[in-house]
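K.L.:
Numbering (my numbering), first residue to last: 40 to 498.
Beta carbons are placed, not taken as given, at the ideal position from N, Cα and C, and that holds for glycine.
Computed from a prediction, not measured in an experiment: that's the story for all the values here.
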């Protein structure tokens, strides 16, 4: 948008100069001539990129893509809103299973590339990861909720933040200062409400056109107010912790050595308040989601939700997981080595993350990667994966390359610990079909997930 405005301004100045030189334009107030020309040129540029560029000039125009389901000026948006998460993407993937990228049009004919195979994923996530920047609308969605943080920094800035965070995490610093209050959880709950069609429509359109700040609807005002309150709470938290640090209240060996404290100590050279806000916002959001106030969004909570669902659908799998746990873990408090030495549990959770990825992705079902049984839930596949599936870049639950989640190993261990305690103490039975929510960036059940849970009989 800024680039188009600059281009419009340059064209307008050139036009005014040429017209005045040819005496076709009277020498009146320059501003009166300039502003209408900028508006007209900007409109023409937008029309060009909406109606002409995607179809006749775009270097991406010959890539494979859906032939049906598109709407004038809306692209595939309406079809995606009606479909289940990744339903259309999987359909396109099956139509072009060997294509590195699949192109489709979105709102106002904006081009979107879908990463479709292992080679493309490696390029996007590893070899050329900083050449593929996140679209502005995704930064708008998450950034306005929890700040930019490490999720949306690019290039040198991302490398700096990642290096600092990995170094601090390796030293064993805690996240105590990021514990979230019920007030913060309440505001996050309001932000993540995707209930009424109007709320869904606003959230979807705002990805492409920033309309949040101007819409007067109650559904939108609730979101904007909650978002403002979240940022207020986080800023107050950072400033309070900074004041404590400068007053000497959190110095010394016995003081809390959490990540925020370390950021404040280094802030003179490394962390601005905005960067700390982004990081604390990301962590507090993850903390709220992981602790169940909005279960199903965050990787760990979402994976456990669908893992329990699979156990109710497949009693044989539930039996095998339980028998392995009962055989290999006999102590009340298992050690980390015992938790890690559960091969079938590892296979089961890996298959859950593939089959029910927290952020739905079509390559997880590509038969050229996972074999002809890609559409089947089968933990045993992890004992003898096809060669393409052994590529570390094909599993997207925690991303990969420089963008890999720095908490990946902790999250996996957390899932295993929780599953061990659940499976050896309870039995799970299905209560009926579960419908995934159609809107939103993550895979979660629309009305929660009800299961019959009964305590295991002790022998």
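(1) So within the segment 88-151, which uninterrupted alpha helix (DSSP H) runs reach at least 4 residues, ignoring any that extend past its ends?
(2) Look up residue 431 in the DSSP assignment and say whether it is helix, strand or coil.
(3) Could you tell me the alpha carbon to alpha carbon distance between residue 157 and residue 427, rounded to whole angstroms?
(4) When the Cβ atoms of the segment 426-444 are set against those of the segment 365-379, are three or more pairs found closer than 8 Å?
(5) Below 7 Å CB to CB, which residues in the same chain sit around residue 265 once its five sequence neighbours on both sides are set aside?
(6) Whole-angstrom Cβ separation of residue 351 and residue 467, contact assumed at under 8 Å?
(7) Below 6 Å CB to CB, which residues in the same chain sit around residue 486 once its five sequence neighbours on both sides are set aside?
(8) On the CB-based measure, 16 or more other CB atoms within 10 Å of its CB, does residue 448 come out buried or exposed?
(9) Find the nearest neighbour of residue 357 within the set 469, 133, 75 and 44, judged by alpha-carbon distance.
(10) Considering residue 469, what are the terminal residues of the beta strand (DSSP E) in which it resides?
(11) What distance in whole Å lies between the Cβ atoms of residue 380 and residue 418, which are believed to be in contact at a cut-off of 8 Å?
(12) Determine the closest residue to residue 457 out of 343, 198, 135 and 241, with distance taken between C-alpha atoms.
(13) Between 80, 463 and 105, which has its C-alpha nearest residue 50's C-alpha?
(14) May I ask which residues mark the beginning and end of the beta strand (DSSP E) holding residue 492?
(15) Under DSSP, the alpha helix (DSSP H) around residue 358 begins and ends at which residues?
(16) Please list, in chain order, all residues of the same chain as residue 106 whose beta carbon is under 6 Å from its beta carbon, the five residues on each side excluded.
(17) Going by other Cβ atoms of all chains shown within 10 Å of its Cβ, with 16 needed for buried, is residue 329 buried or exposed?
(18) If residue 421 and residue 390 are in contact, beta carbons under 8 Å, what's the gap, nearest whole angstrom?
(19) With DSSP collapsed to three states, give me the class of residue 475.
(20) Residue 141: buried (16+ other C-beta within 10 angstroms of its C-beta) or exposed?
(21) Looking only at DSSP bridge pairs, what is residue 485 linked to?
(22) CA-CA distance, residue 484 and residue 48?
(23) Give me the Cα-Cα distance between residue 139 and residue 410, rounded to the nearest whole angstrom.
(24) Just list the residues that DSSP pairs residue 154 with in beta bridges.
(25) Got a sec? Which residues, its chain only, sit under 7 Å from residue 113 by beta carbon, not counting five neighbours each side?
(26) Consult DSSP for residue 351 and reduce its assignment to one of helix, strand or coil.
(27) Within 10 angstroms of the Cβ of residue 128, are there 16 or more other Cβ atoms? Answer buried if so, exposed if not.
(28) Identify which residue in 402, 262 and 287 has its Cα closest to the Cα of residue 134.
(29) Take the Cβ of residue 285 as the centre, count every other Cβ of all protein chains shown within 10 Å, and call the residue buried at 16 or more, exposed below.
(30) Buried or exposed for residue 87, going by 16 or more other Cβ atoms inside 10 Å?
(31) Considering only the alpha carbon of each residue, which of 452, 443, 432 and 340 lies closest to residue 375?
(32) Spatial neighbours of residue 373 within its chain, please: C-beta separation below 7 Å, excluding the five flanking residues on both sides.
(33) Sorted by chain position, which residues of the same chain lie with C-beta nearer than 8 Å to residue 253's C-beta, five sequence neighbours on each side aside?
(34) For residue 166, does the count of other Cβ atoms within 10 angstroms reach 16, so buried, or fall short, so exposed?
(35) Whole-angstrom Cβ separation of residue 93 and residue 144, contact assumed at under 8 Å?
(36) With distance defined between alpha-carbon atoms, name the residue in 433, 110, 160 and 455 nearest to residue 363.
P.N.:
Taking the geometry as given:
(1) 116-121 and 126-134
(2) coil
(3) 7 Å
(4) no
(5) 226, 229 and 230
(6) 5 Å
(7) none
(8) exposed
(9) 469
(10) 465-469
(11) Going by Cβ atoms, the distance from residue 418 to residue 380 rounds to 16 Å, so no, they are not a contact pair.
(12) 343
(13) 80
(14) 490-494
(15) 354-367
(16) none
(17) A caution first: residue 329 carries a pLDDT of 39, below 50, which makes its placement in the model unreliable, though a value can still be read off. Buried: at least 16 other Cβ atoms inside 10 Å.
(18) 7 Å
(19) strand
(20) buried
(21) 487
(22) 49 Å
(23) 17 Å
(24) 140
(25) 146
(26) helix
(27) buried
(28) 402
(29) exposed
(30) exposed
(31) 452
(32) 459
(33) none
(34) exposed
(35) 6 Å
(36) 455
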